[in-house]
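**Q** The opening position of the sequence shown corresponds to residue 7 in the working numbering, with each subsequent residue numbered one higher. Using N, Cα and C, we set each Cβ at its ideal position, and we do this for glycine too. Please see the structure below; I have some questions.
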Amino acid sequence: MRIIKIFNLYFLILMIIQGLVLAFFDSKSFDRKNLRDTGKKAKIMGIGFIIISISLYLVSTFTI
Numbered sequence: 007m008r009i010i011k012i013f014n015l016y017f018l019i020l021m022i023i024q025g026l027v028l029a030f031f032d033s034k035s036f037d038r039k040n041l042r043d044t045g046k047k048a049k050i051m052g053i054g055f056i057i058i059s060i061s062l063y064l065v066s067t068f069t070i
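Encoded structure:
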């Protein structure tokens, strides 16, 4: 349970910023360089990071 408690608000903010940069800025950069598959993967990974970090934060908040 100690590992779950490290997912605090600071971690959530950092992961959301990182996920947004990966999903929107990096994917557009890859698309401009004709790396469309990599851009699509970057968008999926960015959104996935955001979802995972929110779920870990919620688990750490609502567990004893």
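State the start and end residues of the unbroken alpha helix (DSSP H) segment that holds leucine 28.
**A** No alpha helix (DSSP H) contains leucine 28, which DSSP labels as neither H nor E.
**Q** Within this structure, are the beta carbons of asparagine 14 and serine 66 separated by less than 8 Å?
**A** Yes.
**Q** Report the rounded CA-to-CA distance for aspartate 37 versus isoleucine 23, giving the unit in angstroms.
**A** Near 20 Å, if we compare the C-alpha coordinates of isoleucine 23 and aspartate 37.
**Q** Measure from the alpha carbon of phenylalanine 55 to the alpha carbon of each residue in Thr69, Gly45 and Met21, then state which is nearest.
**A** Closest option to phenylalanine 55, Cα to Cα, is Met21.
**Q** Can you find the residues in the same chain that come closer than 6 Å, C-beta to C-beta, to glycine 25, ignoring five residues on each side of it along the sequence?
**A** Same-chain partners within the cutoff: Gly52, Phe55 and Ile56.
**Q** According to the neighbour-count rule (16 or more other Cβ atoms, all chains shown, within 10 Å of its Cβ), is tyrosine 16 buried or exposed?
**A** Classification for tyrosine 16: exposed.
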